[in-house]
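Chemist:
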Amino acid sequence: TYAPPVSGSPAPARPGQGDAAGGRPGAGVLEDVVVRGVDGLQTHAAACCRPLPGEDVLGYVTRGRGVTLHRATCHNIARLLDREPERFIRVHWSHSDAQTYPVELQVHTLDRPGLVRDISDVIARRNINVASLTAAVDPVAGTATVTVIVQIASYEHLAGLIDKLATLDNVVDVHRSEG
């Protein structure tokens, strides 16, 4: 999709082109983001931090790829703000549950039978799709790490899922991977 140039902005956005702040190509076009004063501008979620609707985000005007959204807490933001502050713009979510975003979670537990089933059950009961799930066991320590990529519609849904997973027997920690 071609996005017309915005006054004072870099070249128009064209698919397949990226830059250091834009993450990898194919990170996904976001349809529920509003860039103040501009319609039809192509936006992408940064691959480094994968922001979700409901999180505070900053828009970074890329070279040839539209606007890349970063979480306000993203470790790449400070470096970019120091070097090119003029390339940041205000954006906000105009959220709808129609679009979902991949989020990787790490579930650290004491190992036990039925662990993966219980994690999968919590996710399924919340009507959340699982894109990937792997489990690694340390038999000496008696621990397990379950890595799951889920399709999440908003930060609110993610927070609820993390809270529920944390209540499972033998779960030590649940957190979002930083990517």
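Residues in the sequence shown are numbered consecutively from 73, following the numbering used here. Just so it is clear, CB atoms sit at the ideal spot from N, CA and C, and this is done for glycine as well. This one's a predicted model, so the numbers in the text were calculated from it and none came from an experiment.
1. Helix, strand or coil for Asp128, going by three-state DSSP, please let me know.
2. What residue ranges within the stretch 124-203 form continuous alpha helix (DSSP H) runs of no fewer than 4 residues, ordered along the chain?
3. Using DSSP with H/G/I as helix, E/B as strand and the rest coil, what is Gly98?
4. Can you tell me which of the three DSSP states Leu237 falls into?
5. Which residue wins for smallest C-alpha separation from Leu113, given the options Gly131, Phe160, Gly138 and Leu240?
6. Determine the closest residue to Thr134 out of Ala118, Leu240 and Val244, with distance taken between C-alpha atoms.
7. By how many angstroms is the C-alpha of Asn199 removed from the C-alpha of Ala225?
Modeler: Looking at the coordinates:
1. coil
2. Every alpha helix (DSSP H) stretch that sits fully inside the stretch 124-203 and reaches 4 residues is listed by chain position as 149-155 and 187-197.
3. Only weak support exists for where Gly98 lies, its pLDDT of 37 falling under 50; the coordinates are left without a value.
4. helix
5. Gly138
6. Ranking the options by Cα distance to Thr134, first place goes to Ala118.
7. 11 angstroms
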